[in-house]
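One structure below.
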Amino acid sequence: MTDKRNLEHVIWSRTGELFIRLFGSGTDQSTKTTSEVHINNLQQIISENNMLLQKSAITIISDNGPDWSTDCMANIYNLGRFWEEQKLDALILVSYASGYSRFNLIERMFSRLTDLLQGVIIDLDPSFRETSQQLDMELIELCKYWNNKSYCNYKIDCGPMFSVNGNAFDGHEKLKNLLMNKSQIQIQENSNVQFSLQLYLRHCIRSTYYTLFIKCNDKYRVHCPRYPICAT
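So, in structure tokens, the structure goes:
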């Protein structure tokens, strides 16, 4: 299908199987949601899913919040590192413009999910000392209301993402402070960060609602010749 500018459009179903992985976030540092947290969760989801392990390209639909915004160099770094470590041909991050969120498939499904929570009250268990532990236990409880229920005649697969998962990415705040400082001297003193950030920026295309990390065919680059493009 093409539009009036002769640009090709991909058509896909508005419904399908629903895989939900819940993560508890809060306002304190231990439960704060960052791009580092998102990437750690994605790493675990991929490691548990053989189908995703075989993918050479992944598209992420986000709400374009500060934890996804590519105006933040720390987010660029985390997303780029995910693209590099998964050896993806392409990592695509998209979001919907203001006023168009109704077309977001993720937001559409929440009307069904909230219906399943009518009258439900879930309280934190004070017997657990850490807020993150309390949230983990409530995720288990929340899954009971959604797992194996139906959405557009498809079964919902719902599971928790615990805060105690082993994190491949760590040190987001330190990295963020380093990159926000804009001190070239400081960044140069961290040669690994500088080298990786340069790699990611050279393979990154950004616009307001779209960010793409993609392999190139330059045989003199470090990453791409080592892991050639898989998709054709």
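Our numbering applies: residue 27 is where the sequence shown begins, and numbers increase by one.
Beta carbons: idealized from backbone N, C-alpha and C, even for Gly.
> Of the residues Cys-98, Ser-73, Asp-149 and Ser-61, which one's Cα is nearest the Cα of Ile-86?
Replying inline: Ser-61
> Does DSSP classify Ser-233 as helix, strand or coil?
Replying inline: strand
>> Assess contact between the segment 237-249 and the segment 110-128, defined as three or more Cβ pairs (one per stretch) separated by less than 8 Å. Is contact present?
In response: yes
> Under 7 Å from any heavy atom of the ligand PLP, does the C-beta of Val-120 make it?
Replying inline: Absent from the structure shown: the ligand PLP. Ligands present: none.
>> Does Thr-28 come out as helix, strand or coil in the three-state DSSP assignment?
In response: strand
>> Checking 8 Å against the spacing of the C-beta atoms, do Tyr-235 and Ser-121 come in under that value?
In response: yes
>> Below 8 Å on the Cβ atoms is my contact criterion, and I expect Leu-165 with Gly-50 to pass it. Report the Cβ-Cβ distance as a whole number of Å.
In response: 6 Å
>> Along the chain, where does the beta strand (DSSP E) containing Lys-181 start, and where does it finish?
In response: 180-186
>> Just to confirm my understanding: we take Cys-230, look at its own chain, exclude 5 residues before and 5 after, and list those with CB closer than 6 Å. What are they?
In response: Phe-239
>> Please classify Arg-31 as buried or exposed, where buried requires at least 16 neighbouring CB atoms within 10 angstroms.
In response: exposed
> Thr-60 by DSSP, collapsed to three states: which one?
Replying inline: DSSP, reduced to helix, strand and coil, places Thr-60 outside both helices and strands of the structure shown, so it counts as coil.
>> Check whether the segment 140-147 and the segment 101-114 touch, using three or more Cβ-Cβ pairs below 8 Å as the test.
In response: Segments in contact, no.
>> Measuring alpha carbon to alpha carbon, tell me which residue in Tyr-246, Ile-102 and Glu-34 is nearest Ser-222.
In response: Ile-102
> In chain order, what residues of the same chain lie with their CB nearer than 6 Å to the CB of Thr-237, ignoring the 5 residues before and after it?
Replying inline: Thr-96 and Leu-119
> What span of residues does the beta strand (DSSP E) with Ala-116 cover, start to end?
Replying inline: Looking at the DSSP string, the run of the beta strand (DSSP E) that includes Ala-116 is 116-121.
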